[in-house]
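Q: Following my numbering, the numbering of the sequence shown begins with 71 at its first residue and continues without gaps.
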Amino acid sequence: MALFETASFRRFRRRKAVRPNERSALAKSTQSDLSRLVRTSDPAVRKAFDIEMQSFSKLHARYLAEKENREKLDWNRIKSPNDKQVIPYSHLPQITGPEALSKLAVLKVNGGLGTSMGISGAKSALEVKDGMTFLDLIVQQVEHLNTTHKVDVPLILMTSFNTHDDTLRIIKKYVSQRISITTFNQSRYPRIWKETLQPCPKHALDDKKHWYPPGHGDLYESLVHTGVLDRLLAEGKEYLFVSNSDNLGAVVDQRILQHMIDSDAEFLMEVTDKTRADVKGGTLIEYDSSMRLLEIAQVPPDHVDDFKSVRKFKIFNTNNLWINLKALKRIMNGGGMDLDIIVNPKMTDNGQAVVQLETAAGAAIKHFNNAHGINVPRSRFLPVKSCSDLLLIRSDIYSLQNGRLDMSESRMFGSVPVIKLGDHFKKVGASLELESFHDFKKIPDIIDLDHLTVTGDVHFGRGVTLRGTVIVVANEGQRIDIPDGCVLENRLVSGNLNMTVRPFKSPHFNLAY
């Protein structure tokens with residue numbers, strides 16, 4: 071169960087298989103191409119680049135071998151994890167002191183661009199709340215932890231070649247704060263042509279379009295190759311909390327850390343209950359008596375509906391991971407990890423088909439002793455993947471406390487409203503301020519909102535309140551203005567060009583279609 075593919079690549083796989091003789095020739099040709107790439111690199115960085123290309127060569131060779139000898143997933147051997155394999159957060163120990171924090175380091179995966187939000191630079195540089203960026207909030211969280219408990223928890227940022235320079239520029243402003251920040255660049259792998267399966271670049275300095283960061287599963291190799299793992303161990307750090315930089319709910323939790331120590335677990339994965347929005351998320355399973363991460367791309371087509379059902383798969387991976395650093399050192403010294411390969415097909419700007427070979431950090435769970443899941447509250451999974459997510463974070467539902475987002479006590483239910491903004495709300499300005507939010511003079515009051523759908527050219531005034539289910543639709547060529555002070559409750563709004571909705575303050579209004 072090592073190689074898994076997106077649906078679009080499955081069609082390619084059925085068209086083209088790799089025969090044994092062809093695999094051998096491809097592997098040798100690829101190794102020759104990679105050696106030439108290394109010779110074109112700057113002598114000052116050649117050693118590190120050579121290590122990256124060797125790692126890619128192993129990944130590529132394994133990919134070719136698995137295409138030839140594919141191990142099929144046996145759905146009948148999949149079991150839902152038992153109570154000892156996924157432990158409820160409520161069962162974790164209470165904290166008696168901060169001693170364990172002295173052995174902890176925090177790592178944020180910070181290699182992503184905000185392409186899904188139209189951002190060209192590092193996503194973590196985007197302002198998300200009260201003028202603060204993702205990185206501002208992360209730094210404030212760790213600094214508060216250190217100041218409160220008089221400890222020295224370091225912050226590590228794993229960047230990519232897409233975000234490294236931006237990140238270095240941004241963190242300069244934190245130099246005077248009570249926090250140690252380390253950055254390291256994850257690997258840069260060459261894309262391969264879909265037809266030939268050979269590397270795209272011909273020179274180490276070829277355009278960025280020929281390269282890619284190989285997913286957060288590259289974390290383990292990069293920690294070793296950059297020397298960060300050895301440095302952390304030398305500083306007495308034994309545990310690493312890993313999460314995505316855009317998950318604003320992923321803060322250090324002392325109860326989880328203490329449980330890791332008490333249970334002698336080498337790896338913990340935070341999972342949380344599925345909702346309709348999470349049916350495609352990876353989940354923990356038991357397979358051949360070991361814990362595995364199952365992604366939807368691994369699922370046979372006739373079992374996709376089973377995978378999406380919460381009856382059998384009730385939880386999904388938040389990508390908040392806790393890792394024993396001594397165990398990681400042992401595993402990497404013993405030959406490393408063959409993580410499941412994610413085959414990610416892409417198209418270049420000029421229409422050429424290429425492939426990226428990626429891995430996921432959570433797939434490492436099968437390599438560690440006593441690894442298991444923790445079913446955490448939903449509040450620990452608060453990712454910002456779209457402008458809809460950002461509107462929610464900037465609203466009055468959340469307030470900031472020492473870099474941490476807290477849900478307002480005025481919210482009657484623990485769940486958050488469903489917000490769906492159309493394509494009109496996906497523009498970004500050069501200053502990384504979302505232009506789509508220029509259509510909001512002020513973010514509406516949504517404390518009592520259940521569902522919001524907005525499509526088309528819609529503009530919101532100041533002091534607007536949205537309650538219940540609100541749907542606002544402006545068709546192409548039309549514009550809708552929601553005036554200052556307007557209250558919309560259980561309301562469908564649609565209309566002609568420049569239609570203006572008069573303030574409506576009745577607390578009970580039936581949704582009309």
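Virtual Cβ for every residue (Gly too), placed ideally from N, Cα, C.
Just so we're clear, the structure is a prediction, and the values are computed from it rather than from any experiment.
For the region 467-551, which segments carrying the alpha helix (DSSP H) assignment without a break, of at least 4 residues, lie completely within its bounds, in sequence order?
A: Entirely contained in the region 467-551, not one alpha helix (DSSP H) run reaches 4 residues.
Q: Rounded to a whole number of angstroms, what is the C-alpha to C-alpha distance between Arg464 and Ser458?
A: Cα to Cα, Arg464 sits roughly 10 Å from Ser458.
Q: If you draw a straight line from the C-alpha of Glu505 to the C-alpha of Val488, how long is it?
A: Unreliable placement is indicated for Glu505, whose pLDDT of 42 sits below 50; no coordinate value is reported for it.
Q: How many whole angstroms separate the CB atoms of Leu354 and Asn387, which I take to be in contact at a CB cut-off of 8 Å?
A: About 7 Å; that satisfies the 8 Å criterion.
Q: Is the number of C-beta pairs between the region 478-493 and the region 224-240 that are closer than 8 Å three or more?
A: Taking 8 Å as the limit for Cβ pairs, the verdict is that the region 224-240 does not touch the region 478-493.
Q: On the premise that Ala95 lies in contact with Ala131, defined as a C-beta separation below 8 Å, what is that separation, rounded to the nearest angstrom?
A: Ala131 to Ala95, Cβ: 12 Å. No contact.
Q: According to the Cβ coordinates, are Ile541 and Leu519 closer than 8 Å?
A: Contact: no.
Q: State the beta-bridge partners of Asp343 as determined by DSSP.
A: Note: Asp343 sits in a beta bridge opposite Ile385.
Q: Helix, strand or coil, according to DSSP, for Ala274 in the structure here?
A: Note: Ala274 maps to coil in three-state DSSP.
Q: Start and end of the beta strand (DSSP E) containing Leu562?
A: That run of the beta strand (DSSP E) goes 557-564.
Q: Who pairs with Lys378 in a beta bridge, going by DSSP?
A: Lys378 is not bridged to any residue.
Q: State the start and end residues of the unbroken beta strand (DSSP E) segment that holds Leu178.
A: Reading off the sequence, residue 178 comes out as Lys, not Leu. Element bounds for Lys178: 174-179.
Q: What is the DSSP secondary structure of Val298, counted as helix, strand or coil?
A: Val298 falls in the helix class under three-state DSSP.
Q: Give the straight-line distance between the Cα atoms of Ile385 and His161, rounded to the nearest whole angstrom.
A: Taking the straight line joining both Cα atoms gives about 17 Å.
Q: Based on Cα-Cα distance, which residue from Val534, Lys242, Phe530, Pro283 lies nearest to Ile412?
A: Minimum Cα distance to Ile412 is reached at Pro283.
Q: Apply the 10 Å Cβ neighbour rule to Lys142 and answer buried if 16 or more other Cβ atoms are within range, or exposed otherwise.
A: With fewer than 16 other Cβ atoms within 10 Å, it is exposed.
Q: Taking Phe483 as the reference, give the member of Arg448, Pro514, Leu470 with the closest Cα.
A: That would be Arg448, whose Cα lies nearest to the Cα of Phe483.
Q: Using CA coordinates, which residue listed in Lys154, Ser99, Val528 is at the minimum distance from Phe510?
A: Closest option to Phe510, Cα to Cα, is Val528.
Q: In whole angstroms, what is the alpha-carbon distance linking Trp392 and Ile157?
A: For Trp392 and Ile157, the distance between alpha carbons rounds to 14 Å.
Q: Would you report the Cα separation of Phe383 and Pro453, rounded to the nearest angstrom?
A: The straight-line gap from Cα to Cα measures roughly 21 Å.
Q: So is Trp39 buried or exposed if we call it buried at 16+ other beta carbons inside 10 Å?
A: Since the first residue shown for the chain is 71 and the last is 583, residue 39 is missing from the structure and cannot be characterised.
Q: Look up Gly285 in the DSSP assignment and say whether it is helix, strand or coil.
A: Coil, per DSSP.
Q: What are the start and end residues of the alpha helix (DSSP H) that includes Arg261?
A: Counting along the chain, Arg261 falls outside any alpha helix (DSSP H), and DSSP gives it neither H nor E.
Q: Apart from the five residues on each side of it in sequence, which residues of its chain come closer than 8 Å, Cβ to Cβ, to His373?
A: Trp145, listed in sequence order.
Q: Three or more C-beta pairs under 8 Å: does that hold for the region 409-423 against the region 119-135?
A: Output reads yes: the region 119-135 touches the region 409-423.
Q: Do the region 286-293 and the region 413-432 touch if we need at least three Cβ pairs shorter than 8 Å?
A: Touching, per the Cβ criterion.
Q: Classify Thr229: buried if its beta carbon has 16 or more other beta carbons within 10 angstroms, exposed otherwise.
A: Under this definition Thr229 is a buried residue.
Q: Note down, in chain order, each residue of its chain lying with its Cβ closer than 6 Å to the Cβ of Leu207, except the 5 sequence neighbours on either side.
A: For Leu207, where only same-chain residues beyond five positions count, the Cβ hits under 6 Å are Gly473.
Q: Note down, in chain order, each residue of its chain lying with its Cβ closer than 8 Å to the Cβ of Asn216, except the 5 sequence neighbours on either side.
A: Closer than 8 Å at the Cβ level, and outside the excluded window around Asn216, lie Asp222, Val223, Arg248, Ile249.
Q: Roughly how many whole angstroms lie between the Cα atoms of Phe79 and Ile262?
A: Because Phe79 carries a pLDDT of 41, less than 50, the predicted location of this residue cannot be relied on, and the following value inherits that uncertainty. Approximately 13 Å between the Cα atoms of the pair.
Q: So is Glu291 buried or exposed if we call it buried at 16+ other beta carbons inside 10 Å?
A: When all chains shown are included, Glu291 counts as buried.
Q: Specify whether the region 435-448 and the region 269-276 touch according to this definition: at least 3 beta carbon pairs, one from each stretch, less than 8 Å apart.
A: The region 435-448 vs the region 269-276: no contact.
Q: Out of curiosity, what's the CA-to-CA distance linking Lys307 and Leu267?
A: Between Lys307 and Leu267, the C-alpha separation is close to 41 Å.
Q: Using 8 Å as the threshold, is the C-beta distance between Asp236 and Ala195 below it?
A: Against a cut-off of 8 Å, the Cβ pair of Ala195 and Asp236 comes out as a contact.
Q: With DSSP as the reference, label Gly443 as helix, strand or coil.
A: Three-state result, Gly443: strand.
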